[in-house]
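**Q** Have a look at this one.
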């Protein structure tokens, strides 16, 4: 995947996004290195979720979505006409705000990503299910009840299942859209530990409302406000010594 | 009597009037079912079900009508279900917001309001004459299939719409195509409600009389239909025919046939209600 | 996009498009056959002649008797279904305990599930003899009995659509009314029903359209005598019953008599089409009002 250490994993060049006449992202550019965690923060409606969804083209389904500019993953322009959006999404996994397991068994939830690629071999699926659940630190809790409906798991377990499900197709990038916002503090900390673990093998982008979370898990942080990337830099730097007044106001809780 | 008291009295009186109104329909239903059972139940036996029609009420049976109804049920299912479900999926998942989808939507609402006898006229001209199918089972089933298509489409749309967007997004995010998402996620989740709608639509189809009379289904068919190209009769037409006869014996036959027809309709409705109930219980988001 | 995805989408589209073909087919069949009918019968005669006797030797082609017959049974049906249906809707919405509503509603729906030929039997065999006991001069075939039975059939139709309309009225309005000390009756009829009026009217128009198109009840119990009358005690014939009558006889294909069913069908189609669309239009306006 990352053949060249010097080249960036993700590159965004002068992105503008419109919903109809509404400009929701204004001239955003960014470089992200492989095997890092990057957090996007900002008040609701600032465009951070839209921005995250650019990387797996989930905005494509929104009727009046339009964009200018380019997004590169491993040097490839993902909005190029030759790119199959389904192929792209196999390399860019996503975890959503609310746990959204399929109303199927735990096993089938994980196997789904492979089955849609036509992979149905039982021993291979078994292996991937086990491996993915282990990576998501869920294996020990569910290994005896893989045939149970995923809807019977607790919220925190469901979210880890969704992470395992995303890992099963072996992506190199994982997008997380406020992955812990619907969870209790204990589940949240489990997810955060998991993110830290996953960083070894994946490049992770995370949108969060929770600034402490951003501070805890991320290497770099980008602050969005009204569609603009106000500030982007090392997380420690941004939180302790923000260069922009609006960033400072936000992280000190003066608005948001 | 002061005003407040008067108002409360009116309120009370209306309440009892309302209870009576609500009971009115139900009581009528009850009287009616009792009356039918009373008239028809004693006539139902094995020979009534297995006999051909006859000039003599006592010898007449519903064999041809019953087999005709079963034929029509099967053929109408085969024709209407795939088309109706496919159209419903298209409108809900693919054609949203386009001008064409708008036209399709208004058109389907209108079709749902077209009197059933008009479908008979359509079937007579298109299927019986132009396509030269004659007054066959196939022509009748095609006609009924068109008649219930709007019901199936609307039921499918509502069922598909009820599937949470988050499930679809999760599927897309794993690299599933649109159709994979529909086939593997949306349809399994919505199938309970779709099947409920289909059963209700089919129960309507097997109770239909007028369009089949118009396409020329016969009241008197002295043989059991063997292929879809055979002429046919169905239970409702047999009932209609018997009601039109002056002899008391045929009225009793009609009541007996109504019991059989209602049994079909009520069982189908019961199954539909049960599936809907099961589906609602099973899936909590 | 993959080829298979494209093919599937086309297939689904084609299925949806069949509904358009159906509409075009209905309109084409009705208009083309009616067109040849109206080459032989003038529109003026069609709408002004007071007799409809296409199957007699002395032929008249005046649609009026069929229209009045249709109108008569429809008015009777609505006279039954509207007060009862609306009262049920108000009752279930404002008065009845939730548990009762949960039992009563599906039971009422049973009324709508019964095949119409069965209602025809009910009208002819049960209701007509009963009414003859009250009105001794009443004919065996008449408009009153099928009208009433048709009314019973469409009660759940009116009640469930009216209930939807009542439920769409914002709770704030309801609370405001109770807040100033109104009774439930006053709240229901002075506040909720007026507020939901257009939704209720839309449902009634749809019910009228349904009654106009209803066939088997009138074909069985109203008679086959096209008669320009508003007397509910005598045999009449509706547009729908006439089409059934011709279909049962052996009128040769292509004859003028045969074409009458297309002219009558066109009349029926246009009536219901206009009513349905007025109803849709009102309903859309109504829903916008509270959204």
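Chains as they are written, first to last, in my numbering: chain A, 2 to 257; chain B, 6 to 290; chain C, 86 to 376.
Using N, Cα and C, we set each Cβ at its ideal position, and we do this for glycine too.
Just so it is clear, the structure is predicted and the values come from calculations on it, not from any experiment.
(1) Taking residue 198/C as the query, report the chain B residues whose CB atoms sit under 7 angstroms from its CB, ordered along the chain.
(2) Check this for me: beta carbons of residue 285/C and residue 276/C, under 8 angstroms apart or not?
(3) Mind listing, in chain order, the continuous beta strand (DSSP E) runs of no fewer than 3 residues lying wholly within the segment 157-205 of chain A?
(4) How would you list, in chain order, the residues of chain B whose beta-carbon sits under 8 angstroms from the beta-carbon of residue 98/C?
(5) Quick check: the segment 128-144 of chain A against the segment 96-106 of chain A, are there 3 or more CB pairs under 8 angstroms?
(6) What did DSSP end up calling residue 126/C once you bin it into helix, strand or coil?
(7) Strictly below 7 angstroms CB to CB, what residues from chain C border residue 91/B?
(8) Using a Cβ cut-off of 8 angstroms, which residues of the segment 171-192 of chain B contact any Cβ in chain A, in chain order?
(9) Determine the direct distance from the alpha carbon of residue 205/C to that of residue 1/B, and round the result to whole angstroms.
(10) Rounded to the nearest angstrom, what separates residue 184/C and residue 192/C at their Cα positions?
(11) Establish whether the CB of residue 245/A and some CB of chain D are separated by less than 8 angstroms.
(12) Relative to the C-alpha of residue 106/C, which residue among 246/B, 140/B, 201/B, 124/B is closest?
(13) Is the beta carbon of residue 51/B less than 8 angstroms from the beta carbon of residue 230/B?
(14) Please work out which residues of its chain come closer than 7 angstroms, Cβ to Cβ, to residue 4/A, disregarding the five sequence neighbours upstream and downstream, and give them in chain order.
(15) Return the residues of the segment 112-135 of chain B that lie within a Cβ-Cβ distance of less than 9 angstroms from chain A, sorted by chain order.
(16) Taking 7 angstroms as the cut-off, does the CB of residue 268/C come closer than this to any heavy atom belonging to the ligand MG?
(17) Which residue wins for smallest C-alpha separation from residue 92/B, given the options 216/B, 82/B, 154/B?
(18) For a contact defined as C-beta to C-beta under 7 angstroms, what are the partners of residue 165/B on chain A?
(19) If I measure Cβ to Cβ from residue 34/A and keep anything under 7 angstroms in the same chain, skipping five residues before and after, which residues do I get?
(20) Identify the contact partners of residue 170/A in chain B, using a Cβ-Cβ distance below 9 angstroms as the criterion.
(21) Hey, could you find the ends of the alpha helix (DSSP H) residue 316/C is sitting in?
(22) Could you check whether residue 280/B and residue 200/B sit closer than 8 angstroms to each other, using their CB atoms as the reference points?
(23) Does DSSP classify residue 44/B as helix, strand or coil?
(24) If you count every other CB in all the chains shown that lies within 10 Å of the CB of residue 6/A, and 16 or more means buried, which is it?
(25) If contact means a Cβ-Cβ distance below 8 angstroms, which residues of the segment 146-168 of chain A contact chain B?
(26) Just the chain B side, please: which residues come within less than 7 angstroms of residue 269/C by C-beta, in chain order?
(27) From which residue to which residue does the alpha helix (DSSP H) around residue 239/C run?
(28) CB-CB under 8 angstroms to residue 31/A, same chain, minus the five flanking residues each way: which ones, in chain order?
(29) Taking 8 angstroms as the threshold, find out whether the segment 169-189 of chain C comes into contact with the segment 211-231 of chain C through three or more Cβ pairs.
(30) Run through the segment 57-102 of chain B for me and flag every whole alpha helix (DSSP H) of 4 or more residues, listed as ranges in chain order.
(31) Taking DSSP as the reference, what is the three-state secondary structure of residue 139/A?
(32) Go through the segment 86-127 of chain A residue by residue and report every complete run of the alpha helix (DSSP H) that reaches 4 residues or more, in order.
(33) Pull up the CB-CB distance for residue 156/B and residue 206/B, whole angstroms please, since I reckon it's below 8 angstroms.
(34) Quick check on DSSP: helix, strand or coil for residue 265/C?
(35) Hey, is residue 6/A's beta-carbon within less than 8 angstroms of any beta-carbon in chain B?
(36) On a CA-only basis, which of 41/A, 128/A, 37/A is nearest residue 248/A? Give me that one, please.
**A** On the basis of the coordinates in this document:
(1) 208, 270, 274
(2) no
(3) 174-178
(4) Correct list: 95, 99, 100.
(5) no
(6) coil
(7) 96, 97, 100
(8) 171, 172, 174, 175, 176, 177, 178, 179, 180, 181, 182, 185, 189, 190
(9) No statement about residue 1/B is possible, as the shown extent of chain B runs from 6 to 290 and does not include it.
(10) 13 angstroms
(11) Given the protein chain composition of this structure (A, B and C), no chain D is represented.
(12) The shortest C-alpha separation from residue 106/C is found at 124/B.
(13) no
(14) Model confidence at residue 4/A stands at a pLDDT of 47, short of 50, so the residue's coordinates are unreliable and nothing is read from them.
(15) none
(16) This structure simply doesn't include the ligand MG, nor any ligand for that matter.
(17) The shortest Cα separation from residue 92/B among 216/B, 82/B, 154/B belongs to 154/B.
(18) Neighbours of residue 165/B in chain A, taken as residues whose beta carbon is under 7 angstroms from its own, are absent, since the nearest beta carbon is some 15 angstroms off.
(19) 9, 10
(20) 179, 180
(21) Segment: none, residue 316/C is in no alpha helix (DSSP H) and carries neither H nor E.
(22) Judged by their CB atoms, residue 200/B and residue 280/B are nearer to each other than the 8 angstroms cut-off.
(23) helix
(24) Bear in mind that a pLDDT of 45 at residue 6/A, under 50, signals an unreliable position, so the number given afterwards is only what the model happens to contain. That one is exposed.
(25) The segment 146-168 of chain A vs chain B, Cβ under 8 angstroms: 152, 163, 166, 167.
(26) 16
(27) 229-253
(28) 11, 12, 13, 223, 230, 233
(29) no
(30) 68-94
(31) coil
(32) Within the segment 86-127 of chain A, the alpha helix (DSSP H) runs of at least 4 residues that lie entirely inside it are, in chain order, 86-92, 107-116.
(33) 4 angstroms
(34) coil
(35) For residue 6/A, the predicted model reports a pLDDT of 45, less than 50, meaning its position is unreliable; a value from the coordinates is still stated below. Residue 6/A does not count as touching chain B.
(36) If you compare the alpha carbons of 41/A, 128/A, 37/A with that of residue 248/A, the shortest gap goes to 41/A.
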